[in-house]
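The next block holds one structure in the form of structure tokens; read it before the comments.
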Amino acid sequence: MSEHLPALVLLAPLFGTLVIGLFGLRDHRVCLPVTLSCLAVSLFSAIGLILRVSSGGPVDYFMGGWEEPLGIGIQLRADAINSPLLVVIAIVALLAAVFTIRPAGERDSEKTPYFYILFLLLSVGLFGITITADAFNVFVLIEVTALSSYGLVAIGSSKRCKVAAFHYLIMGTVGASFYLLGVGYLYLKLGSLNMQDIHTILASNENLADSRAIRTAFVFILVGIWTKMAFFPLHGWLPNAYSYSPSGSAAILAPLVTKVSVYVMVRMMVSVFGLDQLEANVEWGHFVVWLAVIAIVAGSMMALAQREIKKMLCCLIIAEVGYMVGGAWLGDPQRWGMTGTLYHILADALMTSCLFLAAGVFAKWLGAVKLEDLSGLFRKMPLAATGFVIGGLAIIGVPPTCGFYSKFYLIRGGIESGQWIYVAALIGSSLVNAVLFFRLFEIAYFGKNPVASHAHGHGHGDDGHDHHETPVVRREPPLHALLPVLVAAALLILLGIFNGPVVEFIRTGLIETATVVSTGR
Amino acid sequence: MQAFFQEAVIPHFNFWIYVVIMMIGLWSVIAKNNLVKKLIGLSIFQTAILLLYVSLGVKEDATIPVVESGVLAAYKETSATTDKKAAPAIHPDRYANPTPHVLMLTAIVVGVATLGVALALTQMIYKDFGTLEEDEVLQKIKALHEDV
Numbered sequence: 001m002s003e004h005l006p007a008l009v010l011l012a013p014l015f016g017t018l019v020i021g022l023f024g025l026r027d028h029r030v031c032l033p034v035t036l037s038c039l040a041v042s043l044f045s046a047i048g049l050i051l052r053v054s055s056g057g058p059v060d061y062f063m064g065g066w067e068e069p070l071g072i073g074i075q076l077r078a079d080a081i082n083s084p085l086l087v088v089i090a091i092v093a094l095l096a097a098v099f100t101i102r103p104a105g106e107r108d109s110e111k112t113p114y115f116y117i118l119f120l121l122l123s124v125g126l127f128g129i130t131i132t133a134d135a136f137n138v139f140v141l142i143e144v145t146a147l148s149s150y151g152l153v154a155i156g157s158s159k160r161c162k163v164a165a166f167h168y169l170i171m172g173t174v175g176a177s178f179y180l181l182g183v184g185y186l187y188l189k190l191g192s193l194n195m196q197d198i199h200t201i202l203a204s205n206e207n208l209a210d211s212r213a214i215r216t217a218f219v220f221i222l223v224g225i226w227t228k229m230a231f232f233p234l235h236g237w238l239p240n241a242y243s244y245s246p247s248g249s250a251a252i253l254a255p256l257v258t259k260v261s262v263y264v265m266v267r268m269m270v271s272v273f274g275l276d277q278l279e280a281n282v283e284w285g286h287f288v289v290w291l292a293v294i295a296i297v298a299g300s301m302m303a304l305a306q307r308e309i310k311k312m313l314c315c316l317i318i319a320e321v322g323y324m325v326g327g328a329w330l331g332d333p334q335r336w337g338m339t340g341t342l343y344h345i346l347a348d349a350l351m352t353s354c355l356f357l358a359a360g361v362f363a364k365w366l367g368a369v370k371l372e373d374l375s376g377l378f379r380k381m382p383l384a385a386t387g388f389v390i391g392g393l394a395i396i397g398v399p400p401t402c403g404f405y406s407k408f409y410l411i412r413g414g415i416e417s418g419q420w421i422y423v424a425a426l427i428g429s430s431l432v433n434a435v436l437f438f439r440l441f442e443i444a445y446f447g448k449n450p451v452a453s454h455a456h457g458h459g460h461g462d463d464g465h466d467h468h469e470t471p472v473v474r475r476e477p478p479l480h481a482l483l484p485v486l487v488a489a490a491l492l493i494l495l496g497i498f499n500g501p502v503v504e505f506i507r508t509g510l511i512e513t514a515t516v517v518s519t520g521r
Numbered sequence: 001m002q003a004f005f006q007e008a009v010i011p012h013f014n015f016w017i018y019v020v021i022m023m024i025g026l027w028s029v030i031a032k033n034n035l036v037k038k039l040i041g042l043s044i045f046q047t048a049i050l051l052l053y054v055s056l057g058v059k060e061d062a063t064i065p066v067v068e069s070g071v072l073a074a075y076k077e078t079s080a081t082t083d084k085k086a087a088p089a090i091h092p093d094r095y096a097n098p099t100p101h102v103l104m105l106t107a108i109v110v111g112v113a114t115l116g117v118a119l120a121l122t123q124m125i126y127k128d129f130g131t132l133e134e135d136e137v138l139q140k141i142k143a144l145h146e147d148v
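Those sequence lines, one after another, are chains A and B.
Note that the numbering used here numbers the first sequence so that position 282 is 282, with each residue one more than the last.
Note that the numbering used here numbers the second sequence so that position 68 is 68, with each residue one more than the last.
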């Protein structure tokens, strides 16, 4: 059983989509238990994979037993770089699934089974992108992910989400096509699609790695992936798609899709093209760090200008993508930049998950869309607000949370590489985040207008006077919505406290991959 | 100029055509105002990439990629003992390369699915806004925003 863990991670949710498709359409009660149990299977398989990787090194799996010689086998490979990400994907997906539980009284819509099918397909795509060791498979799974995200964005009832989904579709398809074109160049030149194979061939022949076709391939792949991760000049689709999609969709889309794309970039750099090859042949690495700096500054500035909670969080994602791209391009795996990026992928997935879950809670149970709507939040929902505060502190980078440590490693990488502008951008962006969130906390603590929940019209303060003595009814959201926020917040602190072993695990695996592969397996 | 044509354009004229097709597609994705025209452009853009892959598999004087009986077993035997890449029993020159074509079957399916989702979205947009011109849709969204 345990040798099939790599396949089980992505087959469990795929099987779930079939079950929901068969039975869920008739009886909607099937959907949620199936979703939860499939994701739980994935989570346990991912944890099992981590244990196997930490005891015995990378785990290879050949689908259908078609091994290498004929070159048509589909290889899955779990190593220290991607196995923690698998666990985080499973956790975030589970939290988002728990969040979508409907309260007993609420009428479910005919869209419910379709939502869960798309939800599980999205998880399949994300797991697949993370675990596959085949460059073309990455394209297919990127498109599986993307198609289900378009559906998840458009499934909402507002008019705007359809237009947002359409723009997302155009950008996403062009990006994926560029990636496909890049892989085409690689195949044209090297005749292989297996990542390790490509790397071995590239490492064995220096002229090849320097050739124009390979450089073009790298640039196309990079631009395609950048579009998918909303790296600054290519970010246009992100804010609308994530802020107008329903809360349940946003809770899985926003934390995971961009982060997994960043992982693909790192994977391409480390184990397809090879960091030493890139350092020797790519003269514009510094330029990418500059682009990342621009992304960080622009993301932070846009976040400052937003009046809506979700829009602000979306702009923060754009800044965070800048952190990760910059960290990955600091060079040399011995330095801390790449490690910081990989740790930040995990940390940021959890942070974004916590914040978007909290924003979903506020939107649904307080009708809060704008920043001002959060006033009096701490009196209405003290527990949910605590989760939100912890998420905010993690984004700012306050010590016990993982946000502090990931920024610490990234800054350390920046200093080691002498990229002072990047260090400055990171620190500046942390300050902007502090301004953003403390403004929110101030509104939430001291805002004196409890009627802000007028969208629900339950009317405390119908007497016309909004004194803060007005008894504010404490209305925590139901447990299934509160729990994910609190669990995510707790995980942020846990991941921060245990950052040592996690980072050590990633770092040894990263250095091993970068050195072993470059000497030709 | 003449030399450029002789060396770069004529031997690879198919690639030049794909580049032109691709740019036509990309241009209409960017420049066209009508959502359906954008989608047509997107399809053209994807098709150009499919064509590139398909032409990768072609070889002169090659036959269909089906290995004659017995050859595969010999290949497995030799590849188990000697270096993988130098296995002599199969002559790859004799067979057209099937892999790019198979890959493109997958990519075509992906493209069709994308187009299907996109057309469904345009239909919903048309129902909601009564138009498919992008500027009008954006204008109506703006009006929507100001009302709230």
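Beta carbons: idealized from backbone N, C-alpha and C, even for Gly.
At the 8 Å Cβ level, is residue i part of the contact set with chain B, yes or no?
i, result
"LYS162(A)", "yes"
"THR173(A)", "yes"
"TYR244(A)", "no"
"ALA154(A)", "yes"
"ILE533(A)", "With chain A covering 1 to 521 only, the question about residue 533(A) has no answer from this structure."
"LEU529(A)", "One cannot answer for residue 529(A) here, as it falls past the ends of chain A, which runs 1 to 521."
"SER211(A)", "no"
"PHE166(A)", "yes"
"HIS454(A)", "Because HIS454(A) sits at a pLDDT of 45, beneath the cut-off of 50, its placement in the model cannot be relied upon, and the following sentence gives the value as read from the coordinates. For HIS454(A), the answer is no, since every Cβ of chain B falls outside 8 Å of its Cβ."
"GLU110(A)", "no"
"ASP332(A)", "no"
"LYS159(A)", "yes"
"PHE136(A)", "yes"
"GLY457(A)", "Because the pLDDT at GLY457(A) is just 43, under 50, the model does not fix this residue reliably, and the point stays unresolved."
"VAL260(A)", "no"
"ARG521(A)", "In this prediction, ARG521(A) has a pLDDT of 42, which is less than 50 and means its spatial position is unreliable; what the coordinates show is noted afterwards. No, ARG521(A) lies away from the interface with chain B (no Cβ there is under 8 Å from its Cβ)."
"TYR187(A)", "yes"
List the residues that DSSP assigns as beta-bridge partners of residue i.
i, result
"ASP134(A)", "ASN194(A)"
"ASN34(B)", "GLU133(B)"
"LEU76(A)", "TYR61(A), THR132(A)"
"GLU283(A)", "Partner(s): none; GLU283(A) has no beta bridge."
"THR63(B)", "TYR95(B)"
"LYS370(A)", "GLU308(A)"
Using beta carbons (cut-off 8 Å, strictly below), is residue i in contact with chain A?
i, result
"LYS38(B)", "yes"
"ALA8(B)", "no"
"VAL19(B)", "no"
"ASN14(B)", "no"
"MET124(B)", "yes"
"VAL54(B)", "no"
"ASP128(B)", "yes"
"PRO100(B)", "yes"
Check this for me: beta carbons of residue i and residue j, under 8 Å apart or not?
i, j, result
"LEU152(A)", "LEU120(A)", "no"
"MET351(A)", "GLU476(A)", "no"
"VAL523(A)", "ALA230(A)", "With chain A covering 1 to 521 only, the question about residue 523(A) has no answer from this structure."
"LEU393(A)", "LEU410(A)", "no"
"PRO84(A)", "GLY156(A)", "no"
"VAL264(A)", "VAL138(A)", "yes"
"GLY391(A)", "LEU440(A)", "no"
"ALA358(A)", "GLY387(A)", "yes"
"ALA90(A)", "ALA46(A)", "yes"
"VAL369(A)", "LEU95(A)", "no"
"ALA241(A)", "ALA164(A)", "yes"
"LEU278(A)", "LEU436(A)", "no"
Under 8 Å by Cβ, that's how I've got residue i and residue j pegged, so tell me the actual separation to the nearest angstrom.
i, j, result
"ASP27(A)", "ILE74(A)", "Incorrect: roughly 35 Å between the Cβ atoms, too far for contact."
"ILE81(A)", "ILE506(A)", "7 Å"
"ILE318(A)", "HIS235(A)", "5 Å"
"MET171(A)", "THR227(A)", "6 Å"
"THR341(A)", "ALA328(A)", "5 Å"
"LEU18(A)", "PRO113(A)", "Actually they are not in contact, since the Cβ atoms of LEU18(A) and PRO113(A) sit about 12 Å apart, beyond 8 Å."
"LEU169(A)", "LEU121(B)", "7 Å"
What I want to know is whether the C-beta of residue i ends up closer than 7 Å to one or more non-hydrogen atoms of the ligand NAD.
i, result
"LEU121(B)", "Because no ligand of any kind appears in the structure shown, any question about the ligand NAD cannot be addressed here."
- Item | Any 3 or more C-beta pairs closer than 8 Å across the segment 391-403 of chain A and the segment 334-351 of chain A | Of all C-beta pairs linking the segment 391-403 of chain A to the segment 334-351 of chain A, three or more are shorter than 8 Å, placing the two stretches in contact.
- Three or more beta-carbon pairs under 8 Å between the segment 105-117 of chain B and the segment 134-142 of chain B, yes or no? no
- Hey, is the segment 36-54 of chain A in contact with the segment 10-26 of chain A, meaning 3+ C-beta pairs nearer than 8 Å? yes
- Contact between the segment 358-371 of chain A and the segment 303-316 of chain A: three or more CB pairs below 8 Å? Contact between the segment 358-371 of chain A and the segment 303-316 of chain A is established, with three or more Cβ pairs separated by less than 8 Å.
- Message: With a threshold of 8 Å, are at least 3 pairs of Cβ atoms found where one atom belongs to the segment 16-26 of chain B and the other to the segment 289-297 of chain A?
- Response: no
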